[in-house]
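K.L.:
If you scroll down you'll find the structure; I have some questions about it.
Shown next as structure tokens:
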């Protein structure tokens, strides 16, 4: 299994406050890795550190190339698509323009058009609303749009920040099914940050537990699911 | 164990008391600092020539005006480029009362205060729907309109038209061994002190917290039951009141009012003073006032032909280095000091 | 009735000036979310540069193009040197930056080129248009150029990738970065474009009001009013606002008794405020609905 992403001694800072205190983890190519933990544990911070959105030290390598000196815009060009918490939708633009924006770094017009259709294939509701203002979509639809936008990059690595947040359970199931398909069919590697541990563990191959900026457990998703003591103490169920 | 708990809870109940020694120390230090500054302020008129007394008096006056602007913009989040209008109204109120009606200068202040409050409130009401840049334009229009209206021929009998009005300088009250300038300085100092304490207390109360809630998150404020429109309009009124009182004092001290003294440039200067002092920090008004009074003179000394460019350059450099104004500078100092102090502690 | 028609025409001619300035203001607003209070002074400075190029022997159109290119570069430079470092600072601090910039440009222009009014060539001739005394060919050309600029901007924002990128960078810089848009360069581009448009405005205005460092002060006020009236998010609104302000200014000067040169601006602004109170985002401003 080739290592797609290698993270070593990652520390991240908001201003002068350290939020991550030196974490290490790896992501295998083609896998789904879940990063779990409570509120404020540092899950979103980890994703932001990978995308270069906050101050970080340590080492992050994507396919053996270091991301540490790169700005966010360049990390994106390396194939990392980050769906931020809160979706990050361009509210004033149409649904279709949001997808076009996802392809901003690409220049193959035919490929882009084909990929937009591909996204509509996964999310038919977006096709119905293609000319509508994105800010008027429901939470679930905006989440789909955010994922669709990320897919337009044809990413090597998809970073998902709490995709289930604020969504009805049925919609969450729908979206996670699509994640499964994306991973299996389109071979997209996924790093998934979630508070909803149970649904995350159903999808993930590997999982890391993070608590106040430190990784406290790493292993197979199955192992965590089956270990009741672990689940109770760290995940609360 | 229970005894200790009781002791702590008793300590907490003492009004003004705190179970944090560091907070106590901070309060004592700020009281001492305040007294020192006050002592210096009172002593100054007896040590300086009348020109410098005049400058100091003007600094105090602009400080009051900036305090007013701070209440509106810094604490309530409403942007204003129109405060020259309130200053002008206060100034002309004083001038007309003193020159056309022969009323003593002391009464001009409360009258100016009331008139400007009403005017501010009335302006604040329709301005409620305007936000950010749109409010800026509305207040901007106020500034632009003011000198034009003051020059308007219809009002010439009252306003003195383009030439304006000259005011007689009031003497110190009989029995006090002070010159006019010294007395006006002391008078202004007293008024400034009162207005400052008033503002400080306003901020501390529920009203102040409501004002700041509206600034930080109007939607949340509304859903907590704060009557946004009333608070915003009243804040506008209070802000106008402060700047109007400053204007009245200004007229008395300068002994002259004319339409072209109250243009958009004054509004911009007050805004610059607000930012340089520190938005949302009351004492900043004094630093801001000193800045807008002194620095343009410094710039002119530096280069007669490029005085504007020098001033602009100073402003830009200042914002690059201290975007938070003097308040930001003090915060940086204090956090650096704290960092140094904790590192030194065993 | 004929007088009324002529006043409308004259108002439109003046309005073209305000429309151009308003376009530049809207351009920057689209790019950075702030109003460039120094826009007038930048336009004035650009016009002086063109004047200087002509003094050094360049023909008019070469100086025109030269000034626009230099202004573009100047705009980018101002953004990178002055505004980029305080990108995250409070809005009010940034406004003070604008005040500083304004002071520098005005003072520097006066120092370099002094404060006497200089005549400036009108490239389209100053003859009366179709015999009307109120509108000259130059003024008609101004209106036409204004519409041309508008059309170009419309196409730029609506149909090009860069235009979309620029809008998105202004709307949501964090998300824009996450799709690979180089946000800092988009902002610099916005500045450059606004500076160029301002330069064009200045070059068109100078023949009418004569070139001197304070020539743009009054015009900027009207341009600002026009931009807000039209709604800051809309180039179409900016142009419409410009013409509207021009017409209002002219008609109020002619038909409202006692309103001389000085009170015209007050009346215009008053009317604009009334409009804003009824429609707080301006006539063409779109209130973007947001789910709370």
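Protein chains in written order, with our numbering: chain A, 1 to 237; chain B, 1001 to 1346; chain C, 2001 to 2292.
Glycine included, each C-beta is placed from N, C-alpha and C at the ideal position.
Could you name the residues that DSSP lists as bridge partners for residue 2116/C?
P.N.:
Partner(s): none; residue 2116/C has no beta bridge.
K.L.:
Residue 2065/C: buried (16+ other C-beta within 10 angstroms of its C-beta) or exposed?
P.N.:
The residue is exposed, with fewer than 16 neighbouring Cβ atoms inside 10 Å.
K.L.:
At least one CB of chain A closer than 8 Å to the CB of residue 2182/C: is that the case?
P.N.:
Yes, because at least one Cβ of chain A sits closer than 8 Å to the Cβ of residue 2182/C.
K.L.:
Please go through the same chain and pick out, in chain order, the residues whose beta-carbon is closer than 8 Å to the beta-carbon of residue 1311/B, but skip the five residues on each side of it.
P.N.:
Cβ within range, chain order: 1295, 1296, 1299.
K.L.:
Are the beta-carbon atoms of residue 150/A and residue 102/A separated by less than 8 Å?
P.N.:
Yes, the Cβ-Cβ distance between residue 150/A and residue 102/A is below 8 Å.
K.L.:
Anyone know if the C-beta pair for residue 2165/C and residue 118/A falls short of 8 Å?
P.N.:
Taking 8 Å as the Cβ cut-off, residue 2165/C and residue 118/A do not qualify as a contacting pair.
K.L.:
Please tell me whether residue 1192/B and residue 1063/B are closer than 8 Å, where the distance is taken between their beta carbons.
P.N.:
Result yes, Cβ atoms of residue 1192/B and residue 1063/B sit closer than 8 Å.
K.L.:
Do residue 2237/C and residue 2230/C count as a contact pair if the criterion is CB distance below 8 Å?
P.N.:
Yes, these two residues count as a Cβ contact at 8 Å.
K.L.:
Compare the beta carbon distance of residue 1369/B and residue 1278/B with 8 Å and say whether it is the shorter of the two.
P.N.:
Because chain B in this structure spans residues 1001 to 1346, residue 1369/B falls outside the shown range and cannot be described.
K.L.:
Can you tell me the Cβ-Cβ gap for residue 2249/C and residue 2011/C, rounded? I've got them flagged as a contact below 8 Å.
P.N.:
Their Cβ separation, rounded to whole angstroms, is 7 Å, which keeps residue 2249/C and residue 2011/C in contact under 8 Å.
K.L.:
Got a sec, what are the start and stop residues for the alpha helix (DSSP H) residue 73/A sits in?
P.N.:
From DSSP, the alpha helix (DSSP H) with residue 73/A extends over 72-77.
K.L.:
Would you please verify whether the beta carbon of residue 73/A is less than 8 Å from any beta carbon of chain C?
P.N.:
Judged by the 8 Å Cβ criterion, residue 73/A is in contact with chain C.
K.L.:
Identify, in the order they occur along the chain, each residue of the same chain with its Cβ nearer than 6 Å to the Cβ of residue 2105/C, setting aside the five sequence neighbours on each side.
P.N.:
Answer for residue 2105/C: 2041, 2045, listed in chain order.
K.L.:
Just to confirm, is the Cβ distance from residue 2077/C to residue 2037/C under 8 Å?
P.N.:
No.
K.L.:
Give me the Cα-Cα distance between residue 944/B and residue 2030/C, rounded to the nearest whole angstrom.
P.N.:
The structure shown does not extend to residue 944/B, since chain B is modelled only from 1001 to 1346, so the question has no answer here.
K.L.:
I want to see whether chain B comes within less than 8 Å of residue 2104/C, judged by CB atoms only; does it?
P.N.:
With 8 Å as the cut-off, residue 2104/C counts as an interface residue toward chain B.
K.L.:
So with Cβ pairs under 8 Å, would you call residue 90/A a contact of chain C?
P.N.:
It does: the Cβ of residue 90/A has a partner Cβ on chain C nearer than 8 Å.
K.L.:
Under a three-way DSSP split, which group does residue 2122/C fall into?
P.N.:
Coil, per DSSP.
K.L.:
For the beta strand (DSSP E) containing residue 1046/B, list its first residue and its last residue.
P.N.:
Run containing residue 1046/B: none; DSSP gives neither H nor E here.
K.L.:
Going along the chain, which residues of its own chain have a beta-carbon closer than 6 Å to the beta-carbon of residue 1250/B, five neighbours each way excluded?
P.N.:
Hits under 6 Å: 1061, 1091.
K.L.:
Note down the Cα distance separating residue 221/A from residue 144/A, rounded to an integer number of angstroms.
P.N.:
Distance between the alpha carbons of residue 221/A and residue 144/A: 25 Å.
K.L.:
Chain C beta carbons: is any one of them nearer than 8 Å to that of residue 118/A?
P.N.:
It does not: the Cβ of residue 118/A has no partner Cβ on chain C nearer than 8 Å.
K.L.:
In three-state terms, what does DSSP make of residue 209/A?
P.N.:
Strand at residue 209/A.
K.L.:
For the stretch 43-59 of chain A, enumerate the residues whose C-beta is nearer than 9 Å to any C-beta of chain C, in chain order.
P.N.:
For the stretch 43-59 of chain A, which is checked against every Cβ of chain C, the residues closer than 9 Å are 51, 52, 53.
K.L.:
Going by C-alpha to C-alpha distance, which of 2108/C, 2279/C, 2157/C, 2119/C sits closest to residue 1306/B?
P.N.:
Residue 1306/B has its Cα closest to that of 2108/C, out of 2108/C, 2279/C, 2157/C, 2119/C.
K.L.:
Where in the stretch 1103-1183 of chain B do unbroken runs of the alpha helix (DSSP H), each at least 4 residues long, occur, reported from the N-terminal end onward?
P.N.:
As far as the stretch 1103-1183 of chain B is concerned, its whole alpha helix (DSSP H) runs of at least 4 residues are 1105-1127, 1132-1151, 1156-1159.
K.L.:
Just checking: is the beta-carbon of residue 151/A within a distance shorter than 8 Å of some beta-carbon in chain C?
P.N.:
Output row for residue 151/A: interface = no.
K.L.:
Helix, strand or coil for residue 198/A per DSSP?
P.N.:
In the structure shown, residue 198/A sits in a helix (DSSP, three-state: H, G or I).
K.L.:
Using a Cβ-Cβ cutoff of less than 6 Å, which residues in the same chain neighbour residue 1202/B once the five nearest sequence positions on both sides are dropped?
P.N.:
Answer for residue 1202/B: 1208, listed in chain order.
K.L.:
Under the rule that 16 or more other beta-carbon atoms within 10 Å means buried, what is residue 1157/B, buried or exposed?
P.N.:
Its Cβ having fewer than 16 others within 10 Å, residue 1157/B is exposed.
K.L.:
Give a yes or no on whether the C-beta atoms belonging to residue 4/A and residue 156/A are separated by under 8 Å.
P.N.:
In contact: residue 4/A and residue 156/A (Cβ atoms closer than 8 Å).
K.L.:
Please list, in chain order, all residues of the same chain as residue 1222/B whose beta carbon is under 7 Å from its beta carbon, the five residues on each side excluded.
P.N.:
Hits under 7 Å: 1228.
K.L.:
Evaluate residue 2284/C with the Cβ neighbour count: other Cβ atoms within 10 Å of its Cβ, from every protein chain shown; 16 or more gives buried, anything less gives exposed.
P.N.:
Classification of residue 2284/C: buried, given that the 10 Å Cβ count is 16 or more.
K.L.:
Listed in chain order, which residues of the stretch 2046-2079 of chain C have Cβ atoms closer than 9 Å to some Cβ of chain B?
P.N.:
Correct list: empty, as no residue qualifies.
K.L.:
Between the C-alpha atoms of residue 1289/B and residue 1110/B, what's the straight-line distance to the nearest angstrom?
P.N.:
Answer to the nearest angstrom: the Cα atoms are 23 Å apart.
K.L.:
May I have the straight-line CA-CA distance separating residue 1183/B from residue 1115/B, to the nearest angstrom?
P.N.:
Taking the straight line from one Cα to the other gives about 26 Å.
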